[in-house]
Amino acid sequence: MDSKQNISVTEPSADTLDDLFGFKAAQKRQKDRDLTTENMKPHFKPWRVFINNIDSYHGKILTDVLSDTMYIDPLTIDTLPDEEDEEFEDEYVKEEEMGKEDRSSKGAKISRKYEVIGTVLDSKYICPENVTVISSLDKDLFLSELMTCDTIIYDITQEPSQIKEICWVLKEIVRALESMEKKSPKAFKRDEPIRHIILISTIMTWALMKPLDPADPELPFTEADYRKRKPHPNYKEHIRCEREIVAVKKIANLKSQLKTLVVCCGITYGEEEGPLHYLFKMAWQNAPSLPIFGKGQNKIPLLHVRDLAALFLNRLKSKDCLNQGYVMDGHPKTIEQARKLFLINKQNLEEEEEFEDNNIELRNTNIAILPELVVVLEASDEFLKERIINLSEKEIQNTHYTEEHMLRRMREYRY
Numbered sequence: 001m002d003s004k005q006n007i008s009v010t011e012p013s014a015d016t017l018d019d020l021f022g023f024k025a026a027q028k029r030q031k032d033r034d035l036t037t038e039n040m041k042p043h044f045k046p047w048r049v050f051i052n053n054i055d056s057y058h059g060k061i062l063t064d065v066l067s068d069t070m071y072i073d074p075l076t077i078d079t080l081p082d083e084e085d086e087e088f089e090d091e092y093v094k095e096e097e098m099g100k101e102d103r104s105s106k107g108a109k110i111s112r113k114y115e116v117i118g119t120v121l122d123s124k125y126i127c128p129e130n131v132t133v134i135s136s137l138d139k140d141l142f143l144s145e146l147m148t149c150d151t152i153i154y155d156i157t158q159e160p161s162q163i164k165e166i167c168w169v170l171k172e173i174v175r176a177l178e179s180m181e182k183k184s185p186k187a188f189k190r191d192e193p194i195r196h197i198i199l200i201s202t203i204m205t206w207a208l209m210k211p212l213d214p215a216d217p218e219l220p221f222t223e224a225d226y227r228k229r230k231p232h233p234n235y236k237e238h239i240r241c242e243r244e245i246v247a248v249k250k251i252a253n254l255k256s257q258l259k260t261l262v263v264c265c266g267i268t269y270g271e272e273e274g275p276l277h278y279l280f281k282m283a284w285q286n287a288p289s290l291p292i293f294g295k296g297q298n299k300i301p302l303l304h305v306r307d308l309a310a311l312f313l314n315r316l317k318s319k320d321c322l323n324q325g326y327v328m329d330g331h332p333k334t335i336e337q338a339r340k341l342f343l344i345n346k347q348n349l350e351e352e353e354e355f356e357d358n359n360i361e362l363r364n365t366n367i368a369i370l371p372e373l374v375v376v377l378e379a380s381d382e383f384l385k386e387r388i389i390n391l392s393e394k395e396i397q398n399t400h401y402t403e404e405h406m407l408r409r410m411r412e413y414r415y
């Protein structure tokens, strides 16, 4: 009995067991693996643009224009101090010089050129040094690269085989975003950046549309008529692709995070290439005559390729406004009404400040959305109707200023 009482049993500590079974080593390996995966995972870059087939006619020009354009973050551009606020006094010359250096360094941080990535038709194509070529063969890697881009531009006018690829890309991006939204809806809506998909399609998807007014065949089509468009029989796949791109706007939970746009461009020319290249070449070589197609009375919708590139550049520079509000017929008239109308969250309001202007007191106001100038317009129904009636026919051809439309708008914004 005594011998048994003298025996002491030493239980192994938790650290000893971890070392014995290799738990700590396994945890460390998993941690290192997760860290490596996180570092290798590509991050979203708002200055990154994807262009398919950068060695194509359109791709070369788009790449040349975008890769040489400076990107400035619209959220930080207002942080730079205005030159008008500088004080040019002798005793502060030294401080001003330091301030200018400060501003130039800040500008360098928020200013950079657009980063262009894309695929190529010819694997031997030598792309510009500031452009990155990626492959679409590895679908997972290809999709991960696309998810890092702010804007994805797909051109299906030159290579119809790209229709299948853009449809797959659209489907996978929607699936990925829906998966993220399902996991954490609030974080997705708050933190997930806005992505843009732009499709360059052909004007041939409008080829068989009948004139809007038989009495006036010169009346042009507008974007509002896109539902009526009828394609040439050879371009049915193109219009199906357009419809898939537009249909994304109907996905309610992705409206804020995925924007789509379809550009139906005419026949592009310029830069000594394109569909009309051989005609220009014949004229340059003093050919006796140039071929005439059909009766020679058709009107060709021509578009210079540089103008097409400028359109995309303007689209990239004109991002959607973060705070949009519309005031009609004098409503809202108070800050409380505006807060309810524009859904201003009290938790996001800045520190309470009081302003007095014309005996009006503003409290609990989000200073970031306050305009510098407020104009209250109160117009009667008769005034609005008379104003529209007095407009010339040319001004209202491409608008929705119909009686039914106007009355519906008035009822909608009446308070």
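Residue numbers (full-length UniProt numbering): 1 to 415. Glycine included, each C-beta is placed from N, C-alpha and C at the ideal position.
Check: Using DSSP with H/G/I as helix, E/B as strand and the rest coil, what is MET70?
Finding: strand
Notebook entry, point to check: Taking C-beta to C-beta, are THR260 and HIS196 nearer than 9 angstroms?
Noted result: yes
Notebook entry, point to check: Since ILE200 contacts VAL263 with CB under 8 angstroms, what's their CB separation in whole angstroms?
Noted result: 5 angstroms
Margin query: Cutting at 8 angstroms between CB atoms, please list the residues of its own chain near residue 440, excluding the five before and the five after it.
Written below: Because the chain is modelled from 1 through 415, residue 440 falls outside the range shown and cannot be assessed.
Item checked: Alpha-carbon to alpha-carbon, LEU279 and ILE251 -> 45 angstroms
Checklist line | Cα-Cα separation, ASN298 to ARG306 | finding: 24 angstroms
Notebook entry, point to check: Do SER184 and ASN130 have their C-beta atoms closer together than 9 angstroms?
Noted result: no
Next item on the list: Please report how far the alpha carbon of PRO291 lies from the alpha carbon of GLY270, in whole angstroms.
Entry: 19 angstroms
Margin query: Once the 5 residues before and after LEU316 are set aside, which same chain residues still bring their CB inside 7 angstroms of it?
Written below: THR151
Notebook entry, point to check: Between ALA309 and the rest of its own chain, which residues show a CB-CB distance below 7 angstroms, the 5 nearest in sequence each way excluded?
Noted result: ILE61, LEU62, VAL65
Item checked: Among ASP381, LEU391, GLU395, ASN390, the one whose alpha carbon lies nearest that of ARG408 -> ASP381
Next item on the list: Return the CA-CA distance between GLU237 and GLU273, expressed in angstroms with no decimal places.
Entry: 26 angstroms
Check: For the putative contact between TYR114 and THR148, defined by C-beta atoms under 8 angstroms, what is the C-beta separation to the nearest angstrom?
Finding: About 13 angstroms; that fails the 8 angstroms criterion.
Next item on the list: Compare the beta carbon distance of LEU141 and ALA176 with 9 angstroms and say whether it is the shorter of the two.
Entry: In this structure, ALA176 does not lie closer than 9 angstroms to LEU141 by Cβ.
Notebook entry, point to check: Can you tell me whether THR399 is buried or exposed, with buried defined as 16 or more other CB within 10 angstroms of its CB?
Noted result: exposed
Checklist line | Integer Cβ distance of VAL49 from ILE153, believed to fall under 8 angstroms | finding: 7 angstroms
Note to self: Please classify ASP213 as buried or exposed, where buried requires at least 16 neighbouring CB atoms within 10 angstroms.
What the structure shows: Result: exposed.
Check: Ordered along the chain, which non-local residues of its own chain (more than five positions away) have a Cβ less than 6 angstroms from that of HIS232?
Finding: MET204, ALA207
Checklist line | Cβ-Cβ distance between GLN257 and GLU159 below 9 angstroms | finding: Cβ distance not < 9 angstroms, so GLN257 and GLU159 don't count as in contact.
Checklist line | Cutoff 6 angstroms; reference LEU276; Cβ partners in own chain excluding five residues on either side | finding: Closer than 6 angstroms at the Cβ level, and outside the excluded window around LEU276, lie TYR269.
Item checked: Host beta strand (DSSP E) of VAL262 (start-end) -> 258-265
Notebook entry, point to check: Taking all protein chains shown into account, do 16 or more other C-beta atoms lie within 10 angstroms of the C-beta of ILE239, making it buried, or fewer, making it exposed?
Noted result: buried
Check: Can the beta-carbon of HIS58 be found closer than 9 angstroms to that of THR132?
Finding: no
Item checked: Residue interval of the alpha helix (DSSP H) (run including TYR154) -> From DSSP, TYR154 is part of no alpha helix (DSSP H) but of the beta strand (DSSP E) over 149-155.
Next item on the list: For GLU91, count neighbouring Cβ atoms within 10 angstroms of its own Cβ and tell me buried if that reaches 16, exposed if not.
Entry: Residue confidence is low: GLU91 scores 43 on pLDDT, short of 50, so the model does not pin down where it sits. Its coordinate-derived value is still stated next. Exposed, since its Cβ has fewer than 16 Cβ neighbours within 10 Å.
Margin query: So for GLU95, helix, strand or coil by DSSP?
Written below: A caution first: GLU95 carries a pLDDT of 49, below 50, which makes its placement in the model unreliable, though a value can still be read off. Helix, per DSSP.
Margin query: Can you tell me whether THR132 is helix, strand or coil according to DSSP?
Written below: strand
Note to self: Tell me the residue span of the alpha helix (DSSP H) that contains PHE188.
What the structure shows: Start and end: 185-191.
Next item on the list: List the endpoints of the continuous beta strand (DSSP E) containing VAL246.
Entry: VAL246 -> not in any beta strand (DSSP E); alpha helix (DSSP H) instead, spanning 236-247.
Check: Exposed or buried, what is TRP284 when buried is set at 16 or more other beta-carbons lying within 10 Å of its beta-carbon?
Finding: exposed
Next item on the list: Give me the Cα-Cα distance between TYR125 and ASP155, rounded to the nearest whole angstrom.
Entry: Approximately 18 angstroms, taken between the alpha carbons.
Notebook entry, point to check: So the beta strand (DSSP E) HIS304 belongs to, where does it begin and stop?
Noted result: Element bounds for HIS304: 302-304.
Check: Quick one: what's got a C-beta closer than 6 angstroms to ILE117's C-beta in the same chain, skipping five residues either side?
Finding: Excluding five sequence positions before and after ILE117, the CB atoms of its chain that fall closer than 6 angstroms to its own CB belong to PHE50, THR132, ILE134, given in chain order.
Note to self: Quick check on the DSSP output: the beta strand (DSSP E) that includes LYS113 runs from which residue to which?
What the structure shows: 111-113
Notebook entry, point to check: When the Cα atoms are used, what is the spatial distance from LYS249 to VAL174?
Noted result: One C-alpha to the other measures close to 11 angstroms.
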